[in-house]
Amino acid sequence: MPATTRIIAIGNSAGIVLPKEILDRLKLRKGDTVALSETPIGLYLTPHDDQRRRKLESADRIMRGYRDAPGKLAE
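And the structure:
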């Protein structure tokens, strides 16, 4: 069953409180950074991994630079 939580006021902003079970499952602690992505069915929350993000951005730049290569190799 999905966990539920409430949106709370934090100064002029808002936040959510994550249940301890979810923090434990994601190996998160207070003060950790998380990545939040919007999907067609809702929000996707994952532990933030800056090194992984940088690798994915590098791979994306490389793939964009060689996007025409498969067609040229097929000729």
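In our numbering, each residue's number is its place in the sequence shown (first place is 1) plus 2.
Even glycine gets a Cβ: it sits at the ideal position worked out from N, Cα and C.
Note that the structure is predicted; figures quoted are calculated from it, not measured.
The straight-line gap separating the alpha-carbon atoms of SER60 and ARG66 is approximately 10 Å.
Each residue's CA atom was taken as its position, placing LEU38 and ASP51 some 12 Å apart. Taking 3 residues as the minimum length, the beta strand (DSSP E) runs contained wholly in the region 5-59 are 9-12, 15-18, 36-41, 44-49, in order along the chain. Here the alpha carbons of PRO72 and ILE64 stand approximately 14 Å from one another.
Closest by C-alpha distance to VAL36, out of ALA76, THR48, PRO42, ARG27, is THR48.
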